[in-house]
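From first to last, the protein sequence lines stand for chains A and B.
Taking full-length UniProt numbering, I'd label the letters of the first sequence as residues 1 to 331.
Taking full-length UniProt numbering, I'd label the letters of the second sequence as residues 1 to 331.
Ideal placement from N, C-alpha and C gives every residue a C-beta, glycine not left out.
Please read these numbers as outputs of a predicted model, since none were measured by experiment.
There are 2 protein chains.
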Amino acid sequence: MDVTIYEVAQRAGVSIATVSRTLRGNGPVASKTREKVLKAVEELNFTPSRLGVSLAEGRHAANGIVFPSLSGPYYTEVLLGYEEVAAELGRSVLILSTAGRTRVRDLVKDLAGRVDGLLIFGHTAPDDVVAELVQVGMPLVFVSREPLAGADTLRSENTASARLLAGHLLDHGYEHFAYLGAPLVSGDDVDERWQGVRAVLGGAIEAVATGQYTVEDGYDAALRLLRRQRPQALVCCDDEVALGALLAAEELGLAVPGDLAVTGWDDIMAARHARPALTTIRQPMRELGARAARALDELITGARSTPNHLTLTTELVIRASCGIHPQEEPP
Amino acid sequence: MDVTIYEVAQRAGVSIATVSRTLRGNGPVASKTREKVLKAVEELNFTPSRLGVSLAEGRHAANGIVFPSLSGPYYTEVLLGYEEVAAELGRSVLILSTAGRTRVRDLVKDLAGRVDGLLIFGHTAPDDVVAELVQVGMPLVFVSREPLAGADTLRSENTASARLLAGHLLDHGYEHFAYLGAPLVSGDDVDERWQGVRAVLGGAIEAVATGQYTVEDGYDAALRLLRRQRPQALVCCDDEVALGALLAAEELGLAVPGDLAVTGWDDIMAARHARPALTTIRQPMRELGARAARALDELITGARSTPNHLTLTTELVIRASCGIHPQEEPP
DNA sequence: TTGTAAGCGTTATCAA
DNA sequence: TTGATAACGCTTACAA
Chain A
1 MDVTIYEVAQ RAGVSIATVS RTLRGNGPVA SKTREKVLKA VEELNFTPSR
51 LGVSLAEGRH AANGIVFPSL SGPYYTEVLL GYEEVAAELG RSVLILSTAG
101 RTRVRDLVKD LAGRVDGLLI FGHTAPDDVV AELVQVGMPL VFVSREPLAG
151 ADTLRSENTA SARLLAGHLL DHGYEHFAYL GAPLVSGDDV DERWQGVRAV
201 LGGAIEAVAT GQYTVEDGYD AALRLLRRQR PQALVCCDDE VALGALLAAE
251 ELGLAVPGDL AVTGWDDIMA ARHARPALTT IRQPMRELGA RAARALDELI
301 TGARSTPNHL TLTTELVIRA SCGIHPQEEP P
Chain B
1 MDVTIYEVAQ RAGVSIATVS RTLRGNGPVA SKTREKVLKA VEELNFTPSR
51 LGVSLAEGRH AANGIVFPSL SGPYYTEVLL GYEEVAAELG RSVLILSTAG
101 RTRVRDLVKD LAGRVDGLLI FGHTAPDDVV AELVQVGMPL VFVSREPLAG
151 ADTLRSENTA SARLLAGHLL DHGYEHFAYL GAPLVSGDDV DERWQGVRAV
201 LGGAIEAVAT GQYTVEDGYD AALRLLRRQR PQALVCCDDE VALGALLAAE
251 ELGLAVPGDL AVTGWDDIMA ARHARPALTT IRQPMRELGA RAARALDELI
301 TGARSTPNHL TLTTELVIRA SCGIHPQEEP P
């Protein structure tokens with residue numbers, strides 16, 4: 001891409017203004033002129049410089065997204081939903097992964113300078129940068145964190161489903177529980193889930209830390225836990241941790257369900273295919289991303305100016321891992 | 001971000017050229033002047049507009065990446081390696097997912113207009129667009145496809161490892177095979193793998209199609225296959241398909257290994273944790289991404305101008321799924 | 001050591 | 001219906 005609007009104008013024998021009008025389809029253009037212009041555009045294979053357009057329009061036509069990493073399907077799914085809708089709306093997507101990275105502050109600020117709006121997961125961006133962005137009016141939507149003034153927040157319902165899940169486990173007759181994946185920051189999804197189950201299970205459940213919320217760390221943490229005590233049910237903060245717990249149980253020769261119940265969260269693809277299939281809370285990940293993109297669009301175009309705080313509903317999906325269900329799948 | 005270099009200059013009582021020099025640290029600036037400028041920058045909280053900088057510098061300081069989707073860890077891992085190194089080099093990353101999308105041509109062209117260089121997976125970008133990009137000299141690196149004139153190509157070794165794998169299976173004494181995940185385009189990784197195993201196994205192996213290379217489609221395809229015939233070994237085009245095959249085998253009551261051998265490709269995290277653990281070919285996915293970013297940097301900065309075609313080495317990882325290995329893990 | 005001014009490639013206003 | 005021309009926000013010769 002090297003040819004500019006000037007060369008097109010010259011070739012077509014018109015001014016650059018006319019070329020611009022023709023291409024954008026706004027101002028009036030005589031149809032004979034239009035044809036000359038289009039011909040020149042065609043011949044020169046002209047594409048307007050994105051930089052020139054953006055500078056003049058005063059917008060990037062691009063969105064950013066900040067996530068910790070892409071381990072596991074959760075962030076990936078949200079990202080795909082986000083990118084798809086963003087593309088529909090004519091916006092590109094710039095990504096920023098913060099996990100294990102130094103100078104996150106600068107990276108986020110740089111990213112913010114390249115986009116019209118930002119989707120930020122939980123607390124992946126430093127509070128002061130967030131404050132700054134809110135301050136300057138940058139359109140922002142946060143996913144998986146508590147509401148914040150001056151920005152949209154979007155999340156799936158956690159506490160009510162947590163109670164539902166806890167209730168179901170009580171119905172199975174369990175009395176001793178552990179929550180695998182202790183919350184790291186307050187107010188995010190993992191924390192809300194923990195608060196929810198604890199509200200029902202009270203002293204009968206104890207939070208156990210994992211490193212990250214991955215299969216590996218879930219496996220390690222579960223192994224350590226199960227070697228020194230035997231809760232009857234392991235409520236995991238997400239499906240990946242739960243898959244890790246399943247592996248640990250197998251390694252220790254514990255039957256799931258039977259010796260141990262395990263539950264997850266999110267309903268990632270692997271949850272259905274796990275052995276045993278995971279009881280979990282389904283969260284509409286793709287939709288989270290899609291909605292975030294639309295919300296951002298509203299904010300950017302000015303179709304809306306007051307922040308929205310939305311909570312999507314979830315669904316308890318009961319499968320095999322949480323215990324024996326007598327009248328299941330009659331033949 | 002609303003304050004411009006003019007306001008800073010005015011406040012500091014200097015010209016915009018001096019502000020620019022100070023901030024970029026190139027031209028000479030008296031230290032007293034520098035301080036005045038920095039003070040003004042501080043007070044006004046000035047950040048140079050990315051658009052202005054890019055337009056003047058004639059570069060985006062951004063890279064693009066084109067992939068089909070992000071299902072499964074392969075693309076994700078490459079993406080993470082890519083983004084990490086790109087960030088190190090001061091470049092942002094724009095993504096484009098093409099799966100199930102219409103107007104891919106336009107999307108790729110638009111993306112190309114926003115970046116200094118592009119990583120493209122296999123054949124995810126239409127050939128004519130690719131030709132056009134090569135034509136105009138856009139720095140390009142392709143991952144997982146056959147060498148192409150005018151662009152870097154980068155891939156992991158496939159055929160030699162395929163032979164190695166096939167040989168190992170022959171050593172197990174198998175005589176009837178199936179290759180799950182028939183190649184869709186010629187020249188990509190999946191095709192090379194197929195060519196490699198077929199070179200060794202000849203007529204003893206037959207290619208079986210899956211939809212996409214996912215756990216679900218692998219499961220479906222394996223189920224259909226195993227219901228009508230019983231190869232002794234299932235060579236899968238990647239680990240996800242292999243995981244699906246494992247599920248299908250379990251569903252049919254086939255023991256793996258024993259009744260059936262299954263192998264994968266890539267060595268994703270789940271391969272190690274699968275039951276049985278997957279025999280597979282390890283491919284350095286993260287490094288693929290990292291190298292692509294560096295290669296692009298060389299091309300963009302002009303440190304190199306002739307295309308490179310690099311093949312990274314892989315490793316056969318023998319685990320349990322390919323058959324019984326007598327003297328394994330002595331206690 | 002500093003400032004002036006010419007780009008960089010568009011869009012859009014205002015006259016003609 | 002068209003064309004000058006002023007933004008948009010910066011970098012960087014070139015002069016001073």
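- For H309(B), the enclosing beta strand (DSSP E) starts and ends at 309 to 312.
- Apart from sequence neighbours up to five positions away, no residue of its chain approaches G253(A) with a beta-carbon distance below 7 Å.
- Counting only runs of 3 or more residues that sit fully inside the stretch 89 to 176 of chain A, the beta strand (DSSP E) segments are 92 to 97, 117 to 121, 140 to 143, 152 to 156, in chain order.
- Assigned with DSSP and collapsed to three states, D259(B) falls in coil, not helix or strand.
- Judged by DSSP in its simplified three-state form, V235(B) adopts strand.
- Of the residues G211(B), Q195(B), S31(B), the one whose Cα lies closest to the Cα of I205(B) is Q195(B).
- In the DSSP assignment, R282(B) falls within the unbroken beta strand (DSSP E) covering 280 to 282.
- Taking a beta-carbon distance threshold of 8 Å, I120(A) does not count as an interface residue toward chain B.
- The DSSP-derived three-state label of I65(B) is strand.
- Residue pairing by DSSP puts I205(B) in a beta bridge opposite F177(B).
- Nearest C-alpha to E84(B) among E57(A), T18(A), R103(A): R103(A).
- In this structure, DSSP gives V8(A) a helical state, which the three-state scheme calls helix.
- Under the 10 Å beta carbon count, R193(A) is surrounded by 16 or more other beta carbons and is classified as buried.
- Residue contact with chain B for A87(A): present (Cβ-Cβ distance below 8 Å to some residue of chain B).
- Taking 8 Å as the threshold, the shortest C-beta distance from I268(B) to chain A does not fall below it.
- Ranked by Cα distance from G64(A), the options D110(A), H123(A), G211(A), H325(A) are led by D110(A).
- G258(B) and G218(B) do not touch by the CB rule: their CB atoms are close to 20 Å apart, not below 8 Å.
- The alpha carbon of S186(B) has as its nearest neighbour, out of P147(B), G13(B), A270(B), the alpha carbon of P147(B).
- With the criterion set as a beta carbon lying under 9 Å from some beta carbon of chain B, the members of the stretch 239 to 271 of chain A are L243, G244, L247, E250, M269, A270, in sequence order.
- Of all alpha-carbon atoms in Q10(A), R291(A), T280(A), E298(A), the one lying nearest the alpha-carbon of C322(A) is that of T280(A).
- In this structure the stretch 111 to 125 of chain B does not touch the stretch 157 to 165 of chain B; the number of beta carbon pairs closer than 8 Å is below three.
- Here DSSP, grouped into helix, strand and coil, assigns D297(A) to helix.
- Contact residues of the stretch 85 to 114 of chain B toward chain A are A87, S92, V93, L94, I95, L96, S97, R101, L107, K109, D110, L111, A112, G113, R114 (C-beta to C-beta distance below 8 Å).
- Contact check for E240(A) and T214(A): beta-carbon distance about 6 Å, within the 8 Å limit, so the pair qualifies.
- Cβ atoms of G117(A) and M138(A) come within 8 Å of each other, at about 7 Å.
- Note on geometry: alpha-carbon atoms of E42(B) and L23(B) lie some 12 Å from one another.
- Contact residues of the stretch 192 to 226 of chain B toward chain A are T214, V215, E216, Y219 (C-beta to C-beta distance below 9 Å).
- Straight across, the Cα-Cα distance linking V143(A) with D106(A) is about 21 Å.
- In this structure, T33(A) is the residue among V3(A), T33(A), D2(A) with its C-alpha nearest to the C-alpha of S15(A).
- The Cβ neighbour count for A87(B), taken over all protein chains shown within 10 Å, is at least 16; the residue is labelled buried.
- Annotation for L223(B): the continuous alpha helix (DSSP H) segment containing it runs 215 to 228.
- DSSP, reduced to helix, strand and coil, places L44(A) within a helical segment of the structure shown.
- In this structure D2(B) is exposed. Its beta-carbon is surrounded by fewer than 16 other beta-carbon atoms within 10 angstroms.
- With respect to the 8 Å criterion, I324(B) and H168(B) are not classified as neighbours on the basis of their beta carbons.
- In this structure, F177(A) is the residue among R228(A), Q283(A), F177(A) with its C-alpha nearest to the C-alpha of G203(A).
- Below 8 Å, too few C-beta pairs join the stretch 125 to 132 of chain B and the stretch 52 to 64 of chain A to call them touching: fewer than three.
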